[in-house]
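Since the structure comes first, as structure tokens, the remarks are kept for the end.
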Amino acid sequence: MKPRDVQVFPIAAQTTVLRSRTWDRLKFEIEYGLQRGTTANSYLIQVDKIALFDPPGESFRDIFLKALQQRIDPKTIDYVILGHVNPNRCVTLKALLEIAPQITFICSNPAAINLKNIFSEPEFNIQQYNVKVVKGEEILDLGQGHQLEFMPTPNPRSPGQLCTYDPKTQVLFTDKLFGAHVCGDQVLDEGWKVYDEDRRYYFDCLMAPYAKHIATALEKLSDKPAKIYATGHGPLVRYGLTELTAAYKEWTSAQKSQELAVALIYASAYGNTATLGQAIAQGIIKAGVGVESINAEVAEPEEIKAAIQKCAGFIFGSPTLGGHAPTQIQTALGITLANADKTKLAGVFGSYGWSGEAIDLLESKFRDAGYRFGFETIRVKFKPTDVTLKFCEEAGTDFAQAVKKAAKSRKPKPSVSESESARTEQALGRIVGSLCVVTCQQGDLSGAMLASWVSQATFNPPGLTIAVAKERAIESLLHSGNRFVLNILQEGNHLGLMKHFLKPFTPGEDRFAGLQIEAADNGSPILKDALAYLECRVENRMECGDHWVVYAVAEKGKVLHQGVTAVHHRKSGTHY
Numbered sequence: 082m083k084p085r086d087v088q089v090f091p092i093a094a095q096t097t098v099l100r101s102r103t104w105d106r107l108k109f110e111i112e113y114g115l116q117r118g119t120t121a122n123s124y125l126i127q128v129d130k131i132a133l134f135d136p137p138g139e140s141f142r143d144i145f146l147k148a149l150q151q152r153i154d155p156k157t158i159d160y161v162i163l164g165h166v167n168p169n170r171c172v173t174l175k176a177l178l179e180i181a182p183q184i185t186f187i188c189s190n191p192a193a194i195n196l197k198n199i200f201s202e203p204e205f206n207i208q209q210y211n212v213k214v215v216k217g218e219e220i221l222d223l224g225q226g227h228q229l230e231f232m233p234t235p236n237p238r239s240p241g242q243l244c245t246y247d248p249k250t251q252v253l254f255t256d257k258l259f260g261a262h263v264c265g266d267q268v269l270d271e272g273w274k275v276y277d278e279d280r281r282y283y284f285d286c287l288m289a290p291y292a293k294h295i296a297t298a299l300e301k302l303s304d305k306p307a308k309i310y311a312t313g314h315g316p317l318v319r320y321g322l323t324e325l326t327a328a329y330k331e332w333t334s335a336q337k338s339q340e341l342a343v344a345l346i347y348a349s350a351y352g353n354t355a356t357l358g359q360a361i362a363q364g365i366i367k368a369g370v371g372v373e374s375i376n377a378e379v380a381e382p383e384e385i386k387a388a389i390q391k392c393a394g395f396i397f398g399s400p401t402l403g404g405h406a407p408t409q410i411q412t413a414l415g416i417t418l419a420n421a422d423k424t425k426l427a428g429v430f431g432s433y434g435w436s437g438e439a440i441d442l443l444e445s446k447f448r449d450a451g452y453r454f455g456f457e458t459i460r461v462k463f464k465p466t467d468v469t470l471k472f473c474e475e476a477g478t479d480f481a482q483a484v485k486k487a488a489k490s491r492k493p494k495p496s497v498s499e500s501e502s503a504r505t506e507q508a509l510g511r512i513v514g515s516l517c518v519v520t521c522q523q524g525d526l527s528g529a530m531l532a533s534w535v536s537q538a539t540f541n542p543p544g545l546t547i548a549v550a551k552e553r554a555i556e557s558l559l560h561s562g563n564r565f566v567l568n569i570l571q572e573g574n575h576l577g578l579m580k581h582f583l584k585p586f587t588p589g590e591d592r593f594a595g596l597q598i599e600a601a602d603n604g605s606p607i608l609k610d611a612l613a614y615l616e617c618r619v620e621n622r623m624e625c626g627d628h629w630v631v632y633a634v635a636e637k638g639k640v641l642h643q644g645v646t647a648v649h650h651r652k653s654g655t656h657y
């Protein structure tokens, strides 16, 4: 594995990017789940005045400051422009202030409040620093035509997010927008199609739960004729700029137009509860249900009330502070109890340090009020792990499926007729497929599913396709580069395995309990009762309606028993 470094590269007139890079996974958060490393992108504009954009977080502090000092005397920096503020970034800001106390921070008002709160903590101990708060669209003249325009683009996850546009170079500094967690030597996105999966995954994790706010941000940025999106993470966007902008609008519109939506209301003291909520939201979105994530710490009561009244279900997340739920969560609780119909599903989750009274309070209030729960209450001590986040994702999917089932039960049943549509469905159902079980193991995470939409796709390389429903728990383990085993079931010896994998599994449940398995060379389980198996690597995947079509290359395989393949016969093309 390569060591961390800082890549310095000119991107426009008097404008340079400093990309702090790691090929390791940086955090236990779902947006890093593809484990392709990341870059933390900072920028320098050096003219009459000097502006530094977005110094990276603590893990890059030392190598970044060294690279910065090799390029410029920090005492000549006039402004540090902050696309967002968090405690991790403030560790680097503190170190920067110690060598460059003259700098002025430029940020939005929510970010300035956050900055003040963090810097007032003893470990920061910064008594004096200069902050310029931008409200609305303001301009900062750096000289030589670089007149920076500021545009606050807040959302519940990043209420202080600020985008900046330089009309001289037509570079739009987008902070979290349009990024991707992937590390490499490319600075710009030449051959941008290779980043499609990374960008979509990043959007689904970070943007989809805030679709309404992202749509507002896109509208605000639409009148800025950009040549480059200077992103906070991953490759800068130049060659695929038009296509990525259109994709963001399409993905955002799809989320906003979902027939059913869940209100996810949370507060987060140290970011752990927000991370849990993010994983739950991801599971809900996978199942084709919309999410409106609301940060109770910044939301107005009317916003919470409106979300509760129109949602199909609601989920509350809270930390425990001094044995209690934060005041904002208690306020949101009161609004919900006064406005949520009893037919709506409820859910509760939260993280805690030494006790979890806030989680117990929320659960008891909703149970006493007569609400049904879409999943068992989730309690997480300290920081969540990969296993915890996968559990939360599966819980979110279960919640969404329960919401859809409840909505379906309230709809009148259509009359049965021999329509053209019905005849097409019957014909489609006559397509048969091999009965198989897909299994995979990634670190502490494992997954399995029964599959019959499987087909050989290529001779050279030996390749196959598998259709995977978006709401399947295993879907998030089948991204490009991931490995799995395709276990092909044997006719006459398939019913036991088929029944085992057809049953519904609870979040986190061991899919292989009671089965005879052994580990393949790629680490995934081989079912010993299977007819044959193939060890596969995901080469590509394509979004197709309510499924992903995964194309994989078979790297090795073996026939375990003599016999013929079990085949799945269906009567309708509307279900498995």
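Quick note on the working numbering: the sequence shown kicks off at 82 and runs consecutively.
Cβ atoms here follow ideal geometry from the backbone N, Cα and C, with glycine treated the same way.
field: residue 558, enclosing beta strand (DSSP E) - first and last residue
entry: Segment: none, residue 558 is in no beta strand (DSSP E) and carries neither H nor E.
query: For the putative contact between residue 607 and residue 601, defined by C-beta atoms under 8 Å, what is the C-beta separation to the nearest angstrom?
result: Taking a contact as a CB-CB distance under 8 Å, the pair residue 607 and residue 601 counts as one, their CB atoms being some 5 Å apart.
message: What residue range does the beta strand (DSSP E) around residue 91 cover?
response: 86 to 93
- request: Would you identify the three-state DSSP class for residue 640, choosing helix, strand or coil?
  value: strand
- prompt: Measuring CB to CB, does residue 153 end up less than 8 Å from residue 127?
  reply: Yes, these two residues count as a Cβ contact at 8 Å.
Segments assigned alpha helix (DSSP H), at least 4 residues, entirely inside the region 585 to 644: Runs of the alpha helix (DSSP H) inside the region 585 to 644: none found.
query: Under a Cβ-count criterion, where at least 16 other Cβ atoms within 10 Å of its own Cβ denotes burial, should residue 283 be classed as buried or exposed?
result: buried
task: Go to residue 364, then tell me how far its alpha helix (DSSP H) extends in each direction, as first and last residue.
output: 353 to 367
message: If the criterion is Cβ atoms closer than 8 Å, does the pair residue 432 and residue 400 meet it?
response: Yes.
field: Range covered by the alpha helix (DSSP H) that runs through residue 577
entry: 576 to 583
message: Can you tell me which residues form a DSSP beta bridge with residue 232?
response: 244
field: Rounded separation between residue 563 and residue 618 - CA only
entry: Distance between the alpha carbons of residue 563 and residue 618 is about 6 Å.
Simplified DSSP state of residue 140, which is helix, strand or coil: Helix, per DSSP.
task: Taking only the alpha-carbon atoms, compute the straight-line gap between residue 504 and residue 656 and give it to the nearest angstrom.
output: 15 Å
- request: Please confirm whether residue 616 and residue 584 have their CB atoms less than 8 Å apart.
  value: no
task: Provide the residue span of the alpha helix (DSSP H) that contains residue 415, from first to last.
output: 408 to 420
query: Under the three-state reduction of DSSP, which class applies to residue 514: helix, strand or coil?
result: DSSP places residue 514 in strand when its eight states are reduced to three.
message: With a threshold of 8 Å, are at least 3 pairs of Cβ atoms found where one atom belongs to the region 300 to 317 and the other to the region 347 to 365?
response: no
- prompt: Mapping DSSP to helix, strand and coil, what is residue 120?
  reply: strand
query: With burial defined as no fewer than 16 other Cβ atoms inside 10 Å of the residue's Cβ, what is the status of residue 462: buried or exposed?
result: By the 10 Å Cβ count, residue 462 comes out exposed.
message: Just to confirm the assignment, what range does the beta strand (DSSP E) spanning residue 488 have?
response: Where residue 488 is concerned, there is no enclosing beta strand (DSSP E), although the alpha helix (DSSP H) it sits in stretches over 467 to 491.
task: Rounded to whole angstroms, what's the CA-CA distance from residue 142 to residue 453? Just pull it up for me.
output: Cα to Cα, residue 142 sits roughly 47 Å from residue 453.
- prompt: To the nearest whole angstrom, what separates the beta carbons of residue 247 and residue 227, a pair I think is in contact under 8 Å?
  reply: 6 Å
- prompt: Does the Cβ-Cβ distance between residue 533 and residue 642 come in under 8 Å?
  reply: no
query: From this set, 570, 526, 546, 553, which residue's C-alpha is nearest residue 640's C-alpha?
result: 570
- request: With a 10 Å radius around its C-beta and 16 neighbouring C-beta atoms as the bar for buried, classify residue 405 as buried or exposed.
  value: exposed
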